[in-house]
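Okay, so the first sequence: first residue is 12 according to my numbering, each after it adds one. Below is one structure, written out as structure tokens; comments come after it.
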Amino acid sequence: MKIGAVRGMRDILPEETPLWQKLEAEIRAAFALYGYREIRTPLVEEAGLFARGVGQATDLVHKEMYVFPDKKGLTLALRPEATASVVRAYIEHGLYAKGGVAKLYYFGPMFRYEKPQKGRSRQFHQYGVEALGSLDPALDAEVIDLAGYLMERLGLPREGLFLRINSIGCKEDRARYREALRDFFTPRAEELCADCRRRLSENPLRILDCKRGGCQPAIRAAPKSTDFLCAECRAHFQEVLAHLDRLGTPYELDHTLVRGLDYYTRTVFELASRDLGAQDALLGGGRYDDLAELLGGPPTPGVGFAGGMERLVLVLRDRAELELAGKLDVYVIPIGEEQEVKRAAVWAASQLRRAGLAVDVEYLGRSVRKATQVASRVARHALFLGPDELAQGVAKLKDLSSGEERPLKLENLGAAFQQKVRARG
RNA sequence: GGGAGCGUAGCUCAAAGGCAGAGCACUGCGCUGUGGCCGCAGGGGUUGCGGGUUCGAGUCCCGUCGCUCCUCCCA
């Protein structure tokens, strides 16, 4: 092996790209139906955007971010997620001044320096939506409904999925809750793992995320964030759930769902698959009502989610009955060594392409038999062109499913082909 | 960051210290210029990389890189 792809980053080969294209098309279509329009932001941002927006203390920023200086000494970062970029662009271009709710969606690679495993790589691809400008709990519900609709549209059975939801309240609620957790866990510190004892001082919310068996009894007994919601946040959350009930969306209240990014407020949710391993979250999101202000813009509430393409591919690959082969219309096979013939073959291919047909030419000098065999695999028709045909001004067109073969005048070749094929129905 | 397993042909995998192999794929021939089946032949490899032990290493040891999975975290 001379040189290979960088660790945690992989090539998506032509075998797989049709599935990716199909998924992208479905996702775009679903987003469009819910009123979202695409935004494309740079892959590179000032590192400070994520430090401030996502949170300096989060794993994602202080452990997993690709950071590098540019030639002028600016500290740049490959984006580890897109919400901060989208909100930055929203502020920078004054999209709030256009009034209404800004509904934006994005698509593209993200970068996190992590140890690769199933469903987790260093360059991965996310799709996501952000709805900026409204506090309405109906919008939270709509975003969650969009996530559910997307999964339906992709053919993922509802039984294989589950929606976890929680509310972590506004900034003030969270401060009170954080203190309550600290008060609760401090006397029980011996029951917690080393990581959690560290979290106790840094960010007690994250203790709830711990998956270690030893910590579970304490976590189960811990106070719930929903018991610390102010009246407004409580009403907001209840209304979100009421909408979900009305929409017929099943969900599980999960008091340990806090998510790892600092900007989240109020509603947080995760849609996970029962068919994946340890990395089972297909998409996750929530509300982030303080983010725009934190990044120097006007106070603007927002809600959205992000999903992982690779995980979608993992779940969908096996059940892809999608006929994605994509055969050529014509495979042109020049016969013999004569340059005159070869030139005519290349010319014929060019003519057919201009008539809207997908065409390739035999370039490897394989035997006619072999070339025909290849043609039958990759194309619907073979077009034979040798010295005899050239002398008569024709080529022989063979239908590779029926075996039927007919001469085709080279003059006006594209039209002749269309006529021939249509005549047969 | 911690742990476990695995790296041999394009792909899937054999070779348990002694000649690096099979199936599939690829190319040619049987069939001179026409596919699907069958038969025959052929091309292919620094056994991930580097070191060590040994008369001899794909095999044992050390290191390194990569992959897979778990933990952690998250999409």
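Backbone N, C-alpha and C fix where the C-beta goes; we use that ideal spot for every residue, glycine too. Here the structure is a predicted model, which is why all the values come from computation and not from measurement.
For residue j and residue i, believed in contact at Cβ under 8 Å, the rounded distance
i       : j       : result
Pro-398 : Glu-349 : 6 Å
Ala-390 : Val-341 : 6 Å
Phe-239 : Ala-191 : 6 Å
Gly-64  : Leu-363 : Not a contact, Cβ separation roughly 53 Å.
Asp-300 : Arg-328 : Actually they do not touch by this definition, with Cβ atoms about 37 Å apart.
Leu-219 : Ala-233 : 7 Å
Gly-319 : Leu-287 : At roughly 10 Å, the Cβ-Cβ gap does not stay under 8 Å, so Gly-319 and Leu-287 are not in contact.
Leu-411 : Ala-393 : 6 Å
Gly-139 : Ala-93  : 6 Å
8 Å Cβ cutoff met for residue i and residue j
i       : j       : result
Gly-296 : Ala-317 : yes
Phe-428 : Leu-339 : no
Ala-142 : Gly-315 : yes
Leu-282 : Leu-172 : yes
Ser-132 : Gly-19  : yes
Val-97  : Thr-52  : yes
Pro-148 : His-254 : yes
Val-326 : Leu-167 : yes
Ala-356 : Leu-396 : yes
Ala-366 : Ala-426 : yes
Leu-41  : Leu-157 : Reading the sequence as shown, one finds Ala at residue 41 and not Leu. Yes, they are a contact pair.
Selected residue, minimal CA-CA separation from residue i, among the options
i       : options                               : result
Ile-179 : Tyr-274, Thr-28, Gly-337 and Ala-382  : Tyr-274
His-73  : Ser-132, Ala-191, Pro-91 and Leu-161  : Pro-91
Leu-161 : Ile-38, Tyr-101, Lys-114 and Thr-237  : Ile-38
Phe-280 : Gly-259, Phe-248, Asp-286 and Asp-301 : Phe-248
Gly-225 : Ala-366, Cys-207 and Pro-234          : Cys-207
Lys-83  : Glu-57, Ala-68, Glu-75 and Ala-93     : Glu-57
Asn-214 : Pro-228, Gln-227, Ala-149 and Asp-194 : Asp-194
Pro-198 : Leu-174, Ala-229 and Thr-52           : Ala-229
Leu-421 : Trp-358, Tyr-262 and Lys-114          : Trp-358
Leu-442 : Arg-189, Leu-323, Leu-174 and Glu-243 : Lying before the first or after the last residue shown, residue 442 is absent from the chain, which here runs from 12 to 436.
Gln-403 : Val-352, Glu-201 and Gln-67           : Val-352
Gly-424 : Tyr-374, Val-370, Ser-413 and Val-385 : Correcting the residue identity first, residue 424 is Leu in this sequence and not Gly. Nearest of Tyr-374, Val-370, Ser-413 and Val-385 to Leu-424, Cα basis: Val-370.
Cys-181 : Gly-347, Glu-243 and Val-343          : Glu-243
Leu-323 : Lys-33, Arg-21 and Glu-26             : Lys-33
Pro-310 : Arg-99, Ser-236 and Phe-135           : Arg-99
Buried versus exposed call for residue i [16 or more other C-beta atoms within 10 Å across all chains shown]
i       : result
His-104 : exposed
Leu-216 : buried
Gly-436 : Residue confidence for Gly-436 is low, a pLDDT of 45 falling below 50, so the modelled location carries little weight and cannot support an answer.
Leu-24  : exposed
Ala-43  : exposed
Phe-79  : exposed
Gly-110 : exposed
Leu-354 : As written in the sequence, residue 354 is Arg, which differs from the Leu given in the question. Arg-354 is exposed by the Cβ-count criterion.
Tyr-117 : buried
Ile-14  : exposed
Exercise for the section: Pair every Cβ in the stretch 250–269 with every Cβ in the stretch 122–132, then say whether three or more of these pairs are closer than 8 Å. Expected result: Touching, no.
Problem - the stretch 82–89 contacting the stretch 99–118, beta-carbon criterion three pairs below 8 Å - result: no
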